[in-house]
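In what follows, a structure is listed as structure tokens, so that the remarks can point back to it.
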């Protein structure tokens, strides 16, 4: 009886130990499964942050609503991922500070994005705000990485603790096996199966950790490249003219693009069927000019857009490429739907096309060039007369002040050069309007402006002074040469053929004044030229009158009276 009681007691003890060990094994399995679930939740949140940031940057770069929709979906996914991760980490102790930091960093990133989107809606551009958005996303990823490290440490500690307790019960298992061999064999089988599964789970967790580390490393590299591109964008915004932009692009594009050779072609002014080479790099010899028929990216497609994906090399690249033809691409640079230029590239070995960062760089380059073109267009509108295309009175006054300052400096330094001012008026212009209508009058003004542009030098300033009056500023011209130039202009206008919308012959009267002979201020020069123009009109029109001739006549008359 005592032996039976002892055996029964040992069996009960073995059963209790088995039950305890079984509970620990189940707990170990649960901990490992939680670790995998936590890792999956962190991975899902990492991908959601990355997708939301990419969609936000795409929307801020080109303003397409599809990217904004993608970003809103990414934000919803981030919120779901945060809720899932918070619920999953409630069972892990000691991680509340890391979880709070990560939540705060994500909330900060979303607030910065909302500020950027509000600025975008007001058509504002704040490079500092964009930098704060990038830094906020960077802080969120750093906080997420710290949380992942904390989860890994806690799970590893819990796994080791449970494994130690399981191994410590093995001697008791072998003692109980002598009393209950069948029970112990079943326990050993169950234990072995659990250990194998734990190893499988450990290997899966190791693979997941390695993959997560690779994703974080790739994300960090991507952030560094995006930061470099953002820095380039800020520097481009500080460039004041096109030459500074091209110089900066010449230095930076070869660094940021995975290409061997490259060339930037830009449209010259209003020309739309040919481009000129702005700069190139590498060893390939690029053509100085790119015609529309030679480059597929310059050919408008349906809807007015230009081709962006060139599968076969363009005609200007096809000769002599051979097997390397697939490595060449022509990327159109467009801003606000308008083609500004083409970037011709030869990709490095193993690269099939441009990645996301390089595409953002090209979009940023196109937006900068478009902004410069818009500024230049606005500047030309502010200094040009819309009817004739000549400079307006505002630009004339600025140029006159510069020339007068130059003349004063030259006189103080003993260096003198001439300056001639001409006032031109179309004869009988009111008759053109009254007899033939204002359209013919406008045609007359455009024809006269065209002749004036053809007759002057690059250093001369031709402006529409008002109505049918034109003003010319001729630096480095002496008075007698000014007289000859005025007579040449008068004859050139008189030679404009009639017909083709011009029913009558066009003539002009010209008044000429010169530096020091008529005065040393612009008001004096313009006043004397205007008075000379009035005398030419009064003398019968279609003639040249010089202000200094009147002065000489007055001197001669005074001498005769004195005699």
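In the working numbering, the protein residues as written are -12 to 550.
Beta carbons are placed, not taken as given, at the ideal position from N, Cα and C, and that holds for glycine.
The three-state secondary structure of residue 228, taken from DSSP, is coil.
If you compare the alpha carbons of 49, 52, 476, 37 with that of residue 65, the shortest gap goes to 37.
The C-beta distance from residue 233 to residue 266 rounds to 6 Å, short enough to fall under 8 Å.
With a threshold of 16 other beta carbon atoms within 10 Å, residue 216 meets it and is buried. In its chain, beyond the 5 residues on either side, 236, 320 have a beta carbon closer than 7 Å to the beta carbon of residue 352.
By the neighbour-count criterion, in which a residue is buried when 16 or more other Cβ atoms sit within 10 angstroms of its Cβ, residue 345 is buried. For the pair residue 537 and residue 355, the Cα-to-Cα distance works out to about 55 Å. Secondary structure of residue 500 (DSSP, three-state): strand. For residue 437, the uninterrupted alpha helix (DSSP H) segment begins and ends at 425 to 442. Residue 377 sits away from residue 409, with the two beta carbons spaced by 7 Å or more.
Taking C-beta atoms as the reference points, residue 327 and residue 357 count as a pair closer than 7 Å.
Looking only at 359, 188, 463, 529, the smallest Cα-Cα distance to residue 26 is reached by 188.
For residue 23, the three-state secondary structure derived from DSSP is helix. C-alpha of residue 44 to C-alpha of residue 243: approximately 18 Å in a straight line.
Between residue 494 and residue 481, the C-beta gap is smaller than 7 Å, which places the two residues in contact. Comparing alpha-carbon positions, the option among 405, 381, 208 lying closest to residue 390 turns out to be 405. Taking C-beta atoms as the reference points, residue 534 and residue 500 count as a pair closer than 7 Å. When only Cα atoms are considered, residue 70 and residue 226 end up about 46 Å apart.
Bounds of any beta strand (DSSP E) do not take in residue 282, whose DSSP letter is neither H nor E. The C-beta of residue 174 has 16 or more other C-beta atoms within 10 Å across all chains shown, which makes the residue buried. Annotated three-state conformation of residue 182 is helix, per DSSP.
For residue 373, there is no enclosing alpha helix (DSSP H), as DSSP gives it neither H nor E.
In the DSSP annotation of this structure, the continuous segment of the alpha helix (DSSP H) that includes residue 523 starts and ends at 509 to 525.
Rounded to whole angstroms, residue 484 and residue 46 show a C-alpha spacing of 56 Å. Across the set 186, 53, 502, 343, the C-alpha of 502 shows the shortest separation from the C-alpha of residue 468. Among the bridge pairs identified by DSSP, residue 266 is matched with 251. In this structure, DSSP gives residue 492 a state outside helix and strand, which the three-state scheme calls coil.
With 16 or more other CB atoms across the displayed protein chains lying within 10 angstroms of its CB, residue 375 is buried. The bridge partners DSSP lists for residue 457 are 411, 451.
The alpha carbon of residue 301 has as its nearest neighbour, out of 274, 322, 324, the alpha carbon of 274.
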